[in-house]
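Each remark here refers to the structure printed beneath this line.
Numbering (the numbering used here), first residue to last: 3 to 219.
Here's what the structure looks like:
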């Protein structure tokens with residue numbers, strides 16, 4: 003069985019899912035930013051790359067750290083940083099956790115260019131002291147012809163972002179591709195569905211992750 007995961011190299015290396023082949027559809031590049039963690043009590047990382055490209059990791063030890071899902075939590079743990087995340091990845095579940103906090107905290111949201119705004123907007127709307135920093139951006143590859151063949155032989159394709167979905171359908175998809183499409187969040191699945199294609203939700207962090215994909219095909 004041929005299973006392709008389209009997430010970035012940084013994110014995929016955090017999982018090492020065995021038989022799954024990693025074919026990223028975009029590159030990542032750090033962005034210069036100006037921010038100091040000193041005045042913030044709570045740091046929120048929205049992705050693995052947001053951790054990787056954040057330059058002040060050594061100053062996070064005594065901070066309250068939140069993240070969007072288990073993969074980012076694991077990545078932070080590898081760097082010796084404890085963090086809090088919801089069992090289900092995504093902004094909605096993280097907001098539920100943040101809603102339990104008392105006021106008078108100072109939040110810093112760390113994300114990529116064009117990253118999700120739901121968490122920042124929630125905190126801002128509720129009068130919290132919150133700022134955000136953008137520390138990386140996603141860049142399309144120079145071309146996709148060299149990887150199209152891999153997708154034509156795939157049985158399953160996994161998407162971890164709507165950005166990867168857009169690239170896939172704009173640059174790679176053809177009627178020759180018969181693979182089942184999977185999203186790691188309801189938002190991604192809904193995005194694929196809204197484009198007129200079938201997709202299934204997969205628990206990327208379950209022990210029987212690969213077996214659940216095989217059973218769905």
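For each residue, glycine too, the CB sits at the ideal point set by N, CA and C.
In this text, all values refer to a predicted model and were calculated from it rather than measured experimentally.
Where the beta strand (DSSP E) containing residue i begins and where it ends
i: residue 133; result: 131–142
i: residue 125; result: Residue 125 -> not in any beta strand (DSSP E); alpha helix (DSSP H) instead, spanning 120–127.
i: residue 45; result: 44–47
i: residue 29; result: 28–32
Residue i to residue j span [Cα, whole Å]
i: residue 188; j: residue 165; result: 15 Å
i: residue 154; j: residue 68; result: 38 Å
i: residue 128; j: residue 94; result: 15 Å
i: residue 213; j: residue 125; result: 39 Å
i: residue 104; j: residue 185; result: 34 Å
i: residue 208; j: residue 9; result: 17 Å
i: residue 205; j: residue 96; result: 17 Å
i: residue 122; j: residue 168; result: 24 Å
i: residue 113; j: residue 79; result: 18 Å
i: residue 143; j: residue 162; result: 17 Å
i: residue 45; j: residue 56; result: 11 Å
i: residue 43; j: residue 64; result: 8 Å
i: residue 150; j: residue 101; result: 44 Å
i: residue 145; j: residue 89; result: 37 Å
i: residue 49; j: residue 99; result: 17 Å
i: residue 217; j: residue 133; result: 43 Å
i: residue 66; j: residue 41; result: 12 Å
i: residue 11; j: residue 86; result: 24 Å
Residue i - partner residues in DSSP beta bridges
i: residue 158; result: 5, 182
i: residue 172; result: DSSP output for residue 172 lists no bridge partner at all.
i: residue 24; result: 7
Residue range of the unbroken alpha helix (DSSP H) whose run includes residue i
i: residue 41; result: Element bounds for residue 41: n/a, residue is neither H nor E.
i: residue 211; result: 211–218
i: residue 168; result: 164–169
i: residue 208; result: From DSSP, residue 208 is part of no alpha helix (DSSP H); its letter is neither H nor E.
i: residue 196; result: 188–196
Nearest-angstrom Cβ-Cβ length linking residue i and residue j, presumed shorter than 8 Å
i: residue 135; j: residue 110; result: 6 Å
i: residue 6; j: residue 23; result: 5 Å
**Prompt:** What are the uninterrupted segments assigned as alpha helix (DSSP H) that are 4 or more residues long and contained completely in the stretch 52–118, given in chain order?
**Reply:** 72–80, 93–100
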